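Novice:
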Amino acid sequence: MSRDADSFALIALLMPAAAFLFLAVVAPFRRTGRLAAYFSVLSAAGSLAAAILAWRLEAAGIVGRLSWNWLTTAGMPLATVGVLADADSTVMLVLVALVAFLVQFYSLGYLHDEPPAALGRYYTYQSLFAFSMMGLVLAPNLLQLFICWELVGLCSYLLIGFWYQKPEAARAAVKAFWTTKAGDVGLLIGIVLLWRLTGTFDLSEMRALATSGAFPLAGLGFITFCIYLGAAGKSAQFPLHVWLPDAMEGPTPVSALIHAATMVTAGVYLLHRTSWLFALTPDVLLIVAWIGAFTALLAAVLACVQDDIKRVLAYSTVSQLGYMMAAIGAGVSSAGFLHLLTHGLFKALLFLGAGAVIHAVGSNDLPRMGGLARRMPQTALVFIIGTLSLAGIPFFGGYISKEGILGASIGHQTGPFLLLMIVAFLTAFYMFRVVFLAFFASPAPTVVSGFSRTHHGPAKAGHYSAPEGGHHSPHDPPMTMLLPLWLLAVLSLGVGLYSTFTGHVPGVTVAEHEGAPGWLAPSAIAVAVAGIALAWLVYQRRVLDAEKLAAMFGPIRRAAIAKFWLDDLFEGVLGALLFAFSRFIGWIDRYLVDGVLNVVSAWTVSAGDDVRLIQTGRAQDYVYGVAVGLLVLILWMRWALA
Amino acid sequence: MGLQSYLILAATVFCIGLFGVVTRRNTVGILLGIELMLNAVNINLIAFSRFAGDTVGMVFSVFTICITVSEAAIGLAIVILLFRVRRTVMADHLDLLKG
Numbered sequence: 101m102s103r104d105a106d107s108f109a110l111i112a113l114l115m116p117a118a119a120f121l122f123l124a125v126v127a128p129f130r131r132t133g134r135l136a137a138y139f140s141v142l143s144a145a146g147s148l149a150a151a152i153l154a155w156r157l158e159a160a161g162i163v164g165r166l167s168w169n170w171l172t173t174a175g176m177p178l179a180t181v182g183v184l185a186d187a188d189s190t191v192m193l194v195l196v197a198l199v200a201f202l203v204q205f206y207s208l209g210y211l212h213d214e215p216p217a218a219l220g221r222y223y224t225y226q227s228l229f230a231f232s233m234m235g236l237v238l239a240p241n242l243l244q245l246f247i248c249w250e251l252v253g254l255c256s257y258l259l260i261g262f263w264y265q266k267p268e269a270a271r272a273a274v275k276a277f278w279t280t281k282a283g284d285v286g287l288l289i290g291i292v293l294l295w296r297l298t299g300t301f302d303l304s305e306m307r308a309l310a311t312s313g314a315f316p317l318a319g320l321g322f323i324t325f326c327i328y329l330g331a332a333g334k335s336a337q338f339p340l341h342v343w344l345p346d347a348m349e350g351p352t353p354v355s356a357l358i359h360a361a362t363m364v365t366a367g368v369y370l371l372h373r374t375s376w377l378f379a380l381t382p383d384v385l386l387i388v389a390w391i392g393a394f395t396a397l398l399a400a401v402l403a404c405v406q407d408d409i410k411r412v413l414a415y416s417t418v419s420q421l422g423y424m425m426a427a428i429g430a431g432v433s434s435a436g437f438l439h440l441l442t443h444g445l446f447k448a449l450l451f452l453g454a455g456a457v458i459h460a461v462g463s464n465d466l467p468r469m470g471g472l473a474r475r476m477p478q479t480a481l482v483f484i485i486g487t488l489s490l491a492g493i494p495f496f497g498g499y500i501s502k503e504g505i506l507g508a509s510i511g512h513q514t515g516p517f518l519l520l521m522i523v524a525f526l527t528a529f530y531m532f533r534v535v536f537l538a539f540f541a542s543p544a545p546t547v548v549s550g551f552s553r554t555h556h557g558p559a560k561a562g563h564y565s566a567p568e569g570g571h572h573s574p575h576d577p578p579m580t581m582l583l584p585l586w587l588l589a590v591l592s593l594g595v596g597l598y599s600t601f602t603g604h605v606p607g608v609t610v611a612e613h614e615g616a617p618g619w620l621a622p623s624a625i626a627v628a629v630a631g632i633a634l635a636w637l638v639y640q641r642r643v644l645d646a647e648k649l650a651a652m653f654g655p656i657r658r659a660a661i662a663k664f665w666l667d668d669l670f671e672g673v674l675g676a677l678l679f680a681f682s683r684f685i686g687w688i689d690r691y692l693v694d695g696v697l698n699v700v701s702a703w704t705v706s707a708g709d710d711v712r713l714i715q716t717g718r719a720q721d722y723v724y725g726v727a728v729g730l731l732v733l734i735l736w737m738r739w740a741l742a
Numbered sequence: 035m036g037l038q039s040y041l042i043l044a045a046t047v048f049c050i051g052l053f054g055v056v057t058r059r060n061t062v063g064i065l066l067g068i069e070l071m072l073n074a075v076n077i078n079l080i081a082f083s084r085f086a087g088d089t090v091g092m093v094f095s096v097f098t099i100c101i102t103v104s105e106a107a108i109g110l111a112i113v114i115l116l117f118r119v120r121r122t123v124m125a126d127h128l129d130l131l132k133g
């Protein structure tokens with residue numbers, strides 16, 4: 101075994117695959133639950149170690165790719181499978197392996213009360229997800245990428261619907277699957293069209309073609325738009341973002357891994373990987389930028405009115421994905437990629453922290469929390485670190501990457517940039533709304549939060565098997581859950597400190613772009629601080645009446661509570677279309693397909709009835725028939741054969 | 035008289051027999067028709083034997099007569115059994131094979 105980055109990347113890829121296969125095939129071992137869990141966590145740890153080695157080796161300049169021919173036709177391999185270990189893929193690999201490992205470790209505590217068979221199933225899916233995501237990250241060609249892309253979609257479906265006995269979870273799983281699938285169709289079309297154009301699936305070959313300027317441009321805009329569609333579905337861009345908030349029905353660690361840190365960022369990663377392609381079609385990039393910024397704003401507004409702590413984080417994820425897309429649209433995809441990495445760290449932290457809160461309180465509802473900072477100080481501390489990172493405060497994880505995106509955006513288009521600035525304000529506001537409501541505000545049972553619904557539905561138990569009375573004495577979670585939280589917090593803080601002082605993040609190089617004006621950084625910080633201050637005034641000090649503030653934004657608030665009627669619109673339009681289509685198909689089935697069959701069978705029956713009559717049952721008739729037949733035969737022989 | 039006259043006679047007898055088999059309602063009548071048809075065959079055999087100068091045909095006709103007799107015996111036995119079971123010997127009433 102050579103000691104190259106690609107070999108270690110391959111090991112990192114294959115370890116969860118082996119774990120998955122073993123758990124999937126050896127059912128008795130899987131049903132032991134805890135043992136299967138330890139096995140999966142161990143393989144994830146090994147995978148993480150290999151990923152870090154691959155990353156370090158790559159940083160030392162030992163880049164490599166391994167590939168095997170696949171689908172050989174007429175001596176020419178149609179595609180290859182393998183690993184491509186370059187700067188971007190290895191650092192992304194480390195992120196995936198890290199978060200996957202931490203989430204699996206955390207789940208040991210979070211899913212402590214699950215029955216053994218369910219726990220085994222959970223870790224089987226987790227291992228499959230880790231493998232698929234790494235396969236996606238390391239894919240040297242678009243075909244392997246697409247296969248893994250679908251695999252992670254499948255894992256997302258399986259894990260959202262982990263508590264499949266809950267109807268909401270099952271529905272959310274199906275919704276997530278179908279919505280992303282709508283985009284995936286675009287991606288598949290794009291990949292096939294690209295292959296027709298260039299004759300290869302290989303990313304490196306295509307890149308060489310693109311950089312040499314020999315790339316055929318005919319119809320390329322349509323192709324890149326199709327690829328963007330796939331990315332928009334996966335990365336929850338407007339209007340395909342509707343599945344992500346519903347995906348929160350899954351277990352919280354799953355939300356942290358799949359719907360915050362890794363899978364939903366696959367779209368951003370894909371666009372970053374093919375940024376040289378998108379650079380050839382500036383029109384599509386403009387669409388990407390605008391939709392990204394608009395998605396960021398829309399989701400940020402939606403996040404302000406949510407009372408479910410996980411839904412706030414989900415909309416926040418959508419919003420941050422919009423940020424990354426906006427950076428890619430501005431032509432500086434590496435800035436978006438950097439934000440992807442830092443966001444992966446602190447959003448996983450936030451989700452796992454929220455999981456700890458939900459675990460302790462037994463509910464997702466913000467108004468039912470409050471004053472938790474005293475009861476669970478460690479959770480509160482790491483959650484605040486994550487929140488400050490997300491808000492883009494200096495010395496914390498998201499500062500540099502957010503600056504990078506804003507800087508990239510201002511050099512490109514003013515419109516998206518302004519939207520992104522508003523989002524920066526809203527992000528700080530809604531995140532600190534969560535912090536104040538959950539951890540600091542007095543735990544008043546009748547608290548009416550400003551932007552929230554005044555009428556609450558029945559409180560959903562976020563943790564399916566949590567005892568209902570679990571919120572009487574919330575406390576910090578066990579070590580299995582605290583350790584990942586602290587590790588992520590330290591990493592977020594470390595990345596933040598390092599990057600704030602040096603201006604870059606280790607292991608990632610952001611492409612040079614037009615320098616941002618000097619006023620950008622201070623004003624971005626000021627906007628974030630203003631958001632925090634407003635949240636503090638409204639939800640902590642209650643100086644400003646939340647209701648009056650909400651009344652100022654009356655129509656927007658109502659629209660946001662109704663999720664801008666997007667779900668209703670989709671349901672209505674798609675429902676009507678489906679119904680019309682179904683009626684049409686039903687008509688064809690009833691009158692054309694059935695009609696043909698009915699006519700044929702009626703003919704058969706009546707013909708049988710007619711022919712039946714010659715069977716009189718009287719022996720003499722048969723003799724008569726024989727005689728006539730003989731006569732005919734004789735005549736035939738006489739004249740025809742003579 | 036030449037061979038042809040015998041053949042015409044045999045054909046005539048055969049047709050009368052066939053007509054009887056096809057049209058008689060009484061089963062005994064049908065048996066009689068069958069006898070006529072077999073006798074037409076005998077006439078043919080004897081005629082060809084005589085005109086060809088070969089005695090094989092005559093021997094064969096003796097066989098035919100024997101078989102005819104047995105056939106008549108079995109046929110009449112069947113008719114009697116049939117009458118016992120169905121109380122009728124009319125062929126057009128015996129249509130259990132009707133489809």
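Chains A and B, in that order, are what the protein sequence lines are. This note's numbering puts the first sequence at residues 101 to 742. This note's numbering puts the second sequence at residues 35 to 133. Yeah, the Cβ is synthetic: ideal placement off N, Cα and C, and Gly gets one too. Keep in mind the model is a prediction, meaning the values are calculated, not measured.
#1: Any C-beta of chain B sitting closer than 9 Å to the C-beta of A/T704?
#2: Does any residue of chain A have a CB that is nearer than 9 Å to the CB of B/V55?
#3: What residue range does the beta strand (DSSP E) around A/L166 cover?
#4: Check whether chain A comes within 9 Å of B/F117, counting only Cβ atoms and requiring the distance to be less than that.
#5: Indicate the three-state DSSP secondary structure (helix, strand or coil) for B/N60 in the structure shown.
#6: For a contact defined as C-beta to C-beta under 9 Å, what are the partners of A/V693 on chain B?
#7: Within 10 angstroms of its Cβ, does B/K132 collect 16 or more other Cβ (buried), or is it exposed?
#8: Which whole-angstrom value describes the C-beta separation of A/P240 and A/R165, a residue pair presumed to lie in contact below a C-beta threshold of 8 Å?
#9: Who are the neighbours of B/A125 on chain A, taking C-beta pairs under 7 Å?
#10: Beta carbons nearer than 7 Å to chain B: which residues of the stretch 245–268 of chain A have them?
#11: Could you give the C-beta distance for A/I409 and A/V457, rounded to a whole number, given that I count them as a contact under 8 Å?
#12: Classify A/G333 as helix, strand or coil using the three-state DSSP reduction.
#13: What separation, rounded to the nearest whole angstrom, lies between the Cα atoms of A/V237 and A/V693?
#14: Less than 9 Å between CB atoms is the rule here; does A/V723 satisfy it with respect to chain B?
#15: Who does A/D408 pair with in a DSSP beta bridge?
#16: Could you tell me whether the stretch 385–403 of chain A touches the stretch 448–463 of chain A, where touching means 3 or more Cβ pairs closer than 8 Å?
#17: Answer with yes or no whether the minimum CB distance from B/D88 to chain A is below 9 Å.
#18: State the start and end residues of the unbroken alpha helix (DSSP H) segment that holds B/S95.
#19: So which residues on chain B does A/A707 lean against when the C-beta distance must stay under 8 Å?
#20: Can you tell me whether A/V700 is helix, strand or coil according to DSSP?
#21: Could you check what DSSP says for A/L184 in three-state terms: helix, strand or coil?
#22: Below 8 Å CB to CB, which residues in the same chain sit around A/H556 once its five sequence neighbours on both sides are set aside?
#23: If we ignore side chains and look at the alpha-carbon of each, how far apart do A/L193 and A/W249 end up?
#24: With H, G and I counted as helix, E and B as strand and the rest as coil, what does DSSP make of A/A314?
#25: How would you list, in chain order, the residues of chain A whose beta-carbon sits under 9 Å from the beta-carbon of B/L131?
#26: Please state if the CB of B/I64 and the CB of B/R58 are separated by a distance shorter than 9 Å.
#27: For B/I80, which of B/L70, B/M71, B/G91, B/E105 has the nearest alpha-carbon?
#28: Using a Cβ-Cβ cut-off of 6 Å (strictly less than) and excluding sequence neighbours within five positions of A/G631, which residues of its own chain qualify?
#29: In the structure shown, what three-state DSSP assignment does A/D576 receive?
#30: On the criterion of 16 or more Cβ atoms from any shown chain inside 10 Å, does A/Q204 qualify as buried, or is it exposed?
#31: Check the C-beta distance from A/L123 over to A/F129 and give it rounded, since I have them as a contact under 8 Å.
#32: Using a 10 Å radius around the Cβ and a threshold of 16 neighbouring Cβ atoms, would you call A/A676 buried or exposed?
#33: May I have a chain-ordered list of the alpha helix (DSSP H) segments no shorter than 4 residues that lie completely inside the stretch 455–543 of chain A?
#34: So, is the C-beta of A/A727 closer than 9 Å to a C-beta in chain B?
#35: Can you tell me whether A/D346 is helix, strand or coil according to DSSP?
#36: In whole angstroms, give me the CA-to-CA distance for A/F262 and A/L208.
Specialist: Walking through what the data contain:
#1: Looking up residue 704 of chain A in the first sequence gives position 604. So no, A/T704 is outside the interface.
#2: In the second sequence, residue 55 of chain B corresponds to position 21, counting from 1. Closer than 9 Å to some Cβ of chain A, the Cβ of B/V55 qualifies, so yes.
#3: Indexing the first sequence from 1 puts residue 166 of chain A at position 66. For A/L166, the enclosing beta strand (DSSP E) starts and ends at 164–173.
#4: Numbered from 1 along the second sequence, position 83 holds the residue referred to as residue 117 of chain B. It does not; no Cβ of chain A falls within 9 Å.
#5: Here the question's residue 60 of chain B lines up with position 26 in the second sequence. DSSP places B/N60 in strand when its eight states are reduced to three.
#6: Locating residue 693 of chain A in the first sequence gives position 593, counting from the first residue. Identification of chain B residues near A/V693 by a Cβ-Cβ cut-off of 9 Å yields none; the smallest Cβ-Cβ distance measures about 32 Å.
#7: Counting from 1 along the second sequence, the entry for residue 132 of chain B is found at position 98. By the Cβ neighbour-count rule, B/K132 is exposed, with fewer than 16 other Cβ atoms within 10 Å of its own.
#8: Locating residue 240 of chain A in the first sequence gives position 140, counting from the first residue. Locating residue 165 of chain A in the first sequence gives position 65, counting from the first residue. Contact between A/P240 and A/R165 is confirmed by a C-beta separation of about 6 Å, below the 8 Å threshold.
#9: Taking the first residue of the second sequence as position 1, residue 125 of chain B is located at position 91. By Cβ distance, chain A contributes R718, A719, Q720.
#10: Within the stretch 245–268 of chain A, no residue has a Cβ lying closer than 7 Å to any Cβ of chain B.
#11: Your numbering for residue 409 of chain A matches position 309 in the first sequence. Your numbering for residue 457 of chain A matches position 357 in the first sequence. Contact check for A/I409 and A/V457: beta-carbon distance about 7 Å, within the 8 Å limit, so the pair qualifies.
#12: Position 233 of the first sequence, counted from the first residue, corresponds to residue 333 of chain A. Look at A/G333 here: in three-state DSSP terms it is helix.
#13: On the first sequence, residue 237 of chain A is found 137 positions in, with the first residue counted as 1. On the first sequence, residue 693 of chain A is found 593 positions in, with the first residue counted as 1. When rounded, the distance between both Cα atoms is 47 Å.
#14: For the purposes of this step, residue 723 of chain A is taken as residue 623 along the first sequence, with counting starting at 1. Using a Cβ-Cβ cut-off of 9 Å, A/V723 counts as an interface residue toward chain B, since at least one Cβ of chain B sits closer than that to its own.
#15: For the purposes of this step, residue 408 of chain A is identified with residue 308 of the first sequence, where counting begins at 1. Partner(s): A/D465.
#16: Under the 8 Å Cβ criterion, the stretch 385–403 of chain A does not count as touching the stretch 448–463 of chain A, having fewer than three qualifying pairs.
#17: Along the second sequence, one-based indexing puts residue 88 of chain B at 54. Output row for B/D88: interface = no.
#18: Within the second sequence, the letter at position 61 stands for residue 95 of chain B. Under the DSSP assignment, B/S95 falls in the alpha helix (DSSP H) whose first and last residues are 90–120.
#19: Taking the first sequence and counting its residues from 1, the one referred to as residue 707 of chain A is at position 607. Within 8 Å of the CB of A/A707, no CB atom of chain B is found; the nearest one sits about 13 Å away.
#20: As a position in the first sequence, residue 700 of chain A is number 600, starting the count at 1. Helix, per DSSP.
#21: Position 84 of the first sequence, counted from the first residue, corresponds to residue 184 of chain A. The three-state reading of DSSP puts A/L184 in strand, counting E and B together.
#22: The residue you call residue 556 of chain A lines up with position 456 of the first sequence. Since pLDDT at A/H556 reaches only 37, below the 50 mark, its modelled position is unreliable, and the value read off the structure follows with that caveat. Around A/H556: D407, D465, P467.
#23: Within the first sequence, residue 193 of chain A is the residue found at index 93, counting from 1. Within the first sequence, residue 249 of chain A is the residue found at index 149, counting from 1. Put simply, the backbone Cα of A/L193 is about 15 Å away from that of A/W249.
#24: The residue given as residue 314 of chain A occupies position 214 in the first sequence. Shown here, A/A314 sits in coil according to DSSP, grouped into three states, outside any helix or strand.
#25: Position 97 of the second sequence, counted from the start, is the residue given in the question as residue 131 of chain B. Using a Cβ-Cβ cut-off of 9 Å, B/L131 is close to Q715, T716, G717, R718, A719, Y722 of chain A, given in chain order.
#26: Here residue 58 of chain B refers to the residue found at position 24 of the second sequence. Here residue 64 of chain B refers to the residue found at position 30 of the second sequence. Yes; because the gap between Cβ atoms is below 9 Å, this pair is in contact.
#27: Reading the second sequence from its first residue, position 46 is the one you call residue 80 of chain B. Considering only alpha carbons, the answer is B/G91.
#28: Looking up residue 631 of chain A in the first sequence gives position 531. Excluding sequence neighbours, A/G631 sits near F525, A528, F529.
#29: Translated into positions along the first sequence, residue 576 of chain A becomes position 476. The answer is coil: DSSP assigns A/D576 none of H, G, I, E or B.
#30: As a working mapping, residue 204 of chain A is identified with position 104 in the first sequence. Of the other Cβ atoms in all chains shown, 16 or more fall within 10 Å of the Cβ of A/Q204; this residue is therefore buried.
#31: Taking the first sequence and counting its residues from 1, one reaches residue 123 of chain A at position 23. Taking the first sequence and counting its residues from 1, one reaches residue 129 of chain A at position 29. Yes, they are in contact, since the Cβ atoms of A/L123 and A/F129 sit about 7 Å apart, within 8 Å.
#32: In the first sequence, residue 676 of chain A corresponds to position 576, counting from 1. The residue in question, A/A676, is exposed, as its Cβ has fewer than 16 Cβ neighbours within 10 Å.
#33: The stretch 455–543 of chain A contains these whole alpha helix (DSSP H) runs: 472–475, 477–491, 498–510, 514–535.
#34: What you label residue 727 of chain A is simply residue 627 of the first sequence in a count that begins at 1. Against chain B, the CB of A/A727 has a partner CB under 9 Å away; the residue lies at that interface.
#35: As a first step, residue 346 of chain A must be located in the first sequence, where it is residue number 246. In the structure shown, the three-state DSSP call for A/D346 is helix.
#36: The count along the first sequence starts at 1 and reaches residue 262 of chain A at position 162. The count along the first sequence starts at 1 and reaches residue 208 of chain A at position 108. Here the alpha carbon of A/F262 sits roughly 15 Å from the alpha carbon of A/L208.
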